[in-house]
Amino acid sequence: MKLLALTTLLGIAAGAAISGSQDGGSAVDVLVNLKSDPHGFKHVAKDGVARSYDRNGEVIDAERLSREQLLQVAATAHSEDEKTNLRHLWANVDTSSIDEAQLWAPPKHLLPSRFSDPNHFAKGIKDADVNIDSQVFARAKAQQEAKNQLQRRIPPNFCKYIKCAANFECQVLFTCGPCVEISAGVGHCMTFSEN
């Protein structure tokens, strides 16, 4: 009897672990709480999984998103066309059917563009005028005080308009959430409370 109770308890725990973030919480909460590398970024792929990548392109954390959470992510897109495209992209996604192997090693067609199409990504970075050099760190220290003073005056959802390539750009320079790529191309800083 004790073995049956233990087996049942382990089954419930395993089911809860597999369901991941589908039981609740906002997409912003999920993305902010994924493990993070300052030189990495986060990506919501076509399969509806939010993944955090380190500087070497390795997945360091992943969460299956629910339909509601995917719609929340789509709502953060900048243009109505992009919002519509993302809603269509994720319309029939069932993240509960994604196995553990795919969570941690997604196939090439699910990778962020910086890995699946580096030339396209480089062009997007150049076109977006995202500067990823050592001067970013030097500027960060000088801007820290100004950032603290401006933080109280920043309009809501300001962060989502900042283009980025790595988490530290959003978090250090602008006191935003992580850098998240939600469609092919350049990432945008996540606002802690998306409306």
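Under mature numbering (1 follows the signal peptide of the UniProt record, and there is no 0), the residues of the sequence shown are numbered -15 to -1, 1 to 180, in order. A virtual CB, placed ideally from N, CA and C, is assigned to each residue, including glycine.
{"query": "Can you check whether the CB of residue 95 is closer than 8 Å to the CB of residue 46?", "result": "no"}
{"query": "Starting from residue 98 and walking both ways along the beta strand (DSSP E), at which residues does that stretch end?", "result": "Taken as a continuous stretch (DSSP letters only), residue 98 belongs to no beta strand (DSSP E), being part of the alpha helix (DSSP H) at 98 to 101."}
{"query": "Provide the residue(s) that pair with residue 105 in DSSP beta bridges, ordered along the chain.", "result": "DSSP, once it has assigned bridges, lists no residue as partnering residue 105."}
{"query": "In angstroms, rounded to a whole number, what distance separates the CA positions of residue 79 and residue 36?", "result": "16 Å"}
{"query": "Do you know how far the Cα of residue 174 is from the Cα of residue 159?", "result": "9 Å"}
{"query": "For chain B, is any of its Cβ atoms less than 8 Å away from the one on residue 50?", "result": "Note that chain B does not occur in the displayed structure, where there is just one protein chain."}
{"query": "So, is residue 146 buried or exposed, given that buried needs 16 or more other C-beta atoms within 10 angstroms?", "result": "exposed"}
{"query": "Pull the bridge partners of residue 172 from the DSSP assignment, please.", "result": "149"}
{"query": "Going by CA-CA distance only, name the one from 22, 90, 27 that's closest to residue 14.", "result": "27"}
{"query": "Use the C-beta contact count for residue 152: other C-beta atoms within 10 angstroms, 16 or more gives buried, fewer gives exposed.", "result": "buried"}
{"query": "Measuring straight from C-alpha to C-alpha, what distance separates residue 75 and residue 104?", "result": "26 Å"}
{"query": "So within the segment 28 to 97, which uninterrupted beta strand (DSSP E) runs reach at least 3 residues, ignoring any that extend past its ends?", "result": "34 to 38, 44 to 49"}
{"query": "Grab me the residues of residue 29's own chain with a C-beta within less than 6 Å of its C-beta, minus the 5 sequence neighbours each way, in chain order.", "result": "35, 58, 167"}
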